[in-house]
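Novice: The structure under discussion is supplied below as structure tokens; questions concerning it will follow.
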Amino acid sequence: MTALSYLVIIFGYLALLLFIFGIIYRAWRWNRLPQGFSWGLFPKPTRWVVTSMLWKILAWPTLFKADRLLWAGALFFHLGLLVLFAGHLGSFIDIASLGERIGIPSESSYVIGITAGTIVAITILFYISRRLFIRRSSEISVFADHFWLWVLLVVVLVGIYSRVFHEVSSDAVRDFALSVVAFNPALPPQNFWFLMHVLLSEFFIIYAVIGKPIHLVGQLFTQYILVSEEGS
Amino acid sequence: MKTDTENQADSQAKAVEEYEKTLERWFGEATKEDVQKVIDKLGEWEKLPYSKLVKLNLDLCSNCGACADECHIYKTLPRKEFNPVYRVKLLRSVYQKYFTWVGKVFGRFAGARKLDKELLKEWFVRFYQCNMCRRCNIFCPFGVDNMAIVRTGRLLINDVMGKTTEDMGRGVRYHLRDGNASEMSEAAFRNIVSFWEDEIKEVKGWDVKVPIDVVGAEMFLIPPNTDYFHSLETMEGIAATLYAANVSWTMSSKIFDSVNYGTFFNDEAWASIITQHIEEAKRLKCKTLVVGECGHATKSLMFLGPSLLGEFPFEVKNILQVTADLIQHDRIKLNKEANPETVTYHDPCNVTRMCGIMEEPRIILRAACMDFREMTPNRDRNYCCGGGGGVVLETASHDFRMEVTGKLKAEQMQRTGAKIVVTSCANCKVEISHLIDQYKLDMKWAGVHDMVLNALEL
Ligand code: HEM
Ligand code: SF4
Ligand code: SF4
């Protein structure tokens, strides 16, 4: 178990470093390239451009037109991820009491977490089956596309499993996480499933910088063609 | 006995196969050195003045396939090779193999692929099958622009091996030599212009004189060469409009062709041709360079030009913007009753998706026609006519265009029930005229200014 603990700590630092500097590096690389044509945007008032961009980034209106099923699946997937992300902040700060203040009883954290995890797991299965059974998607998918979906699925399932059957107290997790950020790592809670969950997520975080999830950052640099309201 | 559907599938397959064979023949064979040079050049892509576009497109696609059904080609014939993502992955996978460490380490598992002679040949075939219409782009959740990659691929092959498709390559050679793509002499140009003048006299009774080489005129008009032969009424309509509104304008006896096929595959030829346009506009000291009913030239002069060569000392407009403006300022009078038939409008990709010129043609057509009807989808979401990306320029692509790339457009036009399909791009006009013949559609085609010519009153 201690070998696993050390792996968790080492990869934890690696993931943290790569995540922060990797994202900055990639954004810097994209940003310094010459933009060339600026033909993406119609001559429209800036306010229209800004709101359309936000709308396009947050609600994916054109994906809605192109592939409604993927739009719905991806929306649930990302909302689920967002909730999980918020929940995981609890590893660093005391969000339970924060939640109580805005009216979410701390007992519901369990239900919220498991529900969000389940939604994410189901939508990953949806992603995988798209890549297996929908032709326009399967014929262009490569090994890596499938591989990382499976990794994420395992991360989520192990997370759910450890929470349901081998729960670690949130105080113990927070003590460990804070010791890591303070560059004075303590031994993590000795719980195999918990440690596996953390280790696998660290791999996924590293992947996130070089792989698809970077689309969160990358799309801010693309030249969206903003779609007119009049067109149909 | 075969059913209709089976027959149709057969003729589609045949058309595709034949055009692919032709493309392969045009490409010939690559050597090992060619392959290496393409890789080296790909390594220098950062020097391209629009490399941000290329890089993000190479980095961001998630292979989700959502764009595939938005491509009229894949929608018509859902073959793997026509999937927009399959096409651009031909290049993306090579980029990953040589220039990303993930691709270097994980190779095929990460989708990376070595470039060899066969793959390079496939680049040529697939990249020249794309209409570069960018419809897939607007539906991608991350704004990935497959057209930018297709163009980069064409560019690499052309830079290294000098290869492109036949008629387009010839057009560029002529253009660099003569200042126009169709071997037209100054005498021929003057002849055609006086023919327009005679025609206007005949239908309108007006003594229009087309100003030529007038230094200091406000507007300098460059129409596409195709309109000199294929769409005379468009040119007469433009001349009559500018005459009726008493605009100060001119044409040039040297530089009278807006087309620029370099737009589709080569930066250097493209820049030389556009420089001809710019220099002539400077010589004539015009305030506004007005592009005729030509899609790729509008894109080229409005957006690519200033971004690659620096700002011009004059403004660039499309003739649709000029005429719509004249209508809105009551400077011309139109009588709708001259155009009683039902009219629909095909939005050319380059005019619409690239330049955002969407409402102007509608302002004009609503003012000039009794019954204007939209086709769906329309404006920036419209389907390409099937001739985009220079595909229509090839005589050899005819069956491929009729059976595959233009089929959806033919169906879309027919559904409107209109008697006239109007459009504002010379290449679209050629493609649409072929489609009307091929599918025996009960309709005519016309340019926007053909309708204006009918309706114009003094
Ligand atoms: C505003 C930000 C974001 C937008 C607009 C967005 C949009 C999308 C869309 C439309 C898809 C479906 C396309 C596909 O199947 O590939 C997708 C997939 C995905 N997204 Fe995001 N996303 C965002 C942020 C994130 C973040 C922060 C993560 C971090 C974990 C992430 C991870 C993923 C993953 C793993 C997939 C699945 C890819 C696959 O199908 O293999 N996304 N995203
Ligand atoms: S640019 Fe147009 S023709 Fe090319 S893949 Fe995209 S939608 Fe299809
Ligand atoms: S280009 Fe965009 S829509 Fe098409 S597969 Fe890639 S990410 Fe999906």
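Order-wise, the sequence lines are chains A and B. First residue of the first sequence? That's 3 in our numbering, and the numbers climb one at a time after it. First residue of the second sequence? That's -12 in our numbering, and the numbers climb one at a time after it. From the three backbone atoms N, C-alpha and C, an ideal C-beta is built for every residue, glycine too.
1. Note down, in chain order, every chain B residue with its Cβ under 7 Å from the Cβ of THR120 of chain A.
2. In chain B, which residues lie with their C-beta within 7 Å of the C-beta of SER54 of chain A?
3. Could you check whether the Cβ of ALA74 of chain A sits closer than 6 Å to any heavy atom belonging to ligand 1?
4. In terms of residues, what are the limits of the beta strand (DSSP E) holding LEU208 of chain B?
5. Quick check on MET430 of chain B: does DSSP put it in helix, strand or coil?
6. Using a Cβ-Cβ cut-off of less than 8 Å, list which residues of the segment 92 to 114 of chain B approach chain A; keep chain order.
7. Quick check on VAL277 of chain B: does DSSP put it in helix, strand or coil?
8. Do the CB positions of LEU271 of chain B and VAL278 of chain B come within less than 7 Å of each other?
9. Please find out if some non-hydrogen atom of ligand 2 comes closer than 6 Å to the beta-carbon of ALA71 of chain B.
10. Using a threshold of 7 Å, state whether the C-beta atoms of LEU276 of chain B and VAL303 of chain B are closer than that.
11. Which stretch, first to last residue, makes up the beta strand (DSSP E) that contains GLU302 of chain B?
12. Measuring only from the beta carbon, is LYS67 of chain A closer than 6 Å to any heavy atom that is part of ligand 1?
13. Would you call TYR8 of chain A buried or exposed, if buried means 16 or more other Cβ atoms sit within 10 Å of its Cβ?
14. So is the beta-carbon of GLY393 of chain B under 6 Å away from any non-hydrogen atom of ligand 3?
15. Would you please verify whether the beta carbon of VAL10 of chain A is less than 7 Å from any beta carbon of chain B?
16. Taking only beta-carbon atoms, is TYR68 of chain A less than 7 Å away from chain B?
17. Along chain B, which residues have their Cβ under 9 Å away from the Cβ of TRP32 of chain A?
18. Cutting at 6 Å between CB atoms, please list the residues of its own chain near ASN369 of chain B, excluding the five before and the five after it.
19. Do ASN305 of chain B and ligand 2 come close, with the Cβ less than 6 Å from some heavy atom?
20. Quick one: Cα of GLN425 of chain B to Cα of MET389 of chain B, how far?
21. Quick one: is TRP257 of chain B buried, meaning 16 or more other Cβ sit within 10 Å of its Cβ, or exposed?
22. Do three or more CB pairs link the segment 388 to 404 of chain B to the segment 160 to 170 of chain B at distances below 8 Å?
23. Between SER108 of chain A and GLU102 of chain A, is the Cβ-Cβ spacing less than 7 Å?
24. What is the rounded straight-line gap between the Cα of ILE136 of chain B and the Cα of ILE60 of chain B?
25. How many Å lie between ASN414 of chain B and LEU151 of chain A at the Cα?
26. Note the first and the last residue of the continuous beta strand (DSSP E) segment covering TYR332 of chain B.
27. Should GLN315 of chain B go down as buried or exposed, given a rule of 16 or more other Cβ atoms within 10 Å for buried?
28. Start and end of the beta strand (DSSP E) containing VAL409 of chain B?
29. If you drop the 5 nearest sequence neighbours on each side, which residues of the same chain put their C-beta closer than 7 Å to that of ASN33 of chain A?
30. Taking 7 Å as the CB-CB cut-off, is PHE145 of chain A touching chain B?
31. Are the C-beta atoms of TRP41 of chain A and some chain B residue less than 7 Å apart?
32. Reducing DSSP to helix, strand and coil, say where ARG103 of chain A ends up.
33. Measuring straight from C-alpha to C-alpha, what distance separates THR221 of chain B and ASP185 of chain B?
34. For PHE251 of chain B, count neighbouring C-beta atoms within 10 Å of its own C-beta (all shown protein chains included) and say buried if the count is 16 or more, exposed if not.
35. In this structure, how does DSSP classify ILE242 of chain B when only helix, strand and coil are distinguished?
36. Would you list, in chain order, the members of the segment 395 to 414 of chain B that have their beta-carbon closer than 7 Å to a beta-carbon of chain A?
Specialist: So, from the data block:
1. What THR120 of chain A touches in chain B: nothing, since even the nearest Cβ is about 23 Å away.
2. Per Cβ cutoff of 7 Å: no residues; SER54 of chain A is ~12 Å from chain B at best.
3. no
4. 206 to 209
5. coil
6. PHE93, ARG95, PHE96, ALA97, GLY98
7. strand
8. no
9. Correcting the residue type first, residue 71 of chain B is Pro in the shown sequence and not Ala. The answer is yes for PRO71 of chain B.
10. yes
11. 302 to 305
12. no
13. exposed
14. no
15. no
16. Here the sequence assigns Ala to residue 68 of chain A, which means Tyr is not the residue at that position. So, interface residue.
17. LYS39, LYS42, LEU43, ASP46
18. ASP334
19. no
20. 7 Å
21. buried
22. no
23. yes
24. 17 Å
25. 44 Å
26. 329 to 333
27. exposed
28. 407 to 410
29. PHE223
30. yes
31. In this prediction, TRP41 of chain A has a pLDDT of 46, which is less than 50 and means its spatial position is unreliable; what the coordinates show is noted afterwards. So, interface residue.
32. helix
33. 14 Å
34. buried
35. coil
36. none
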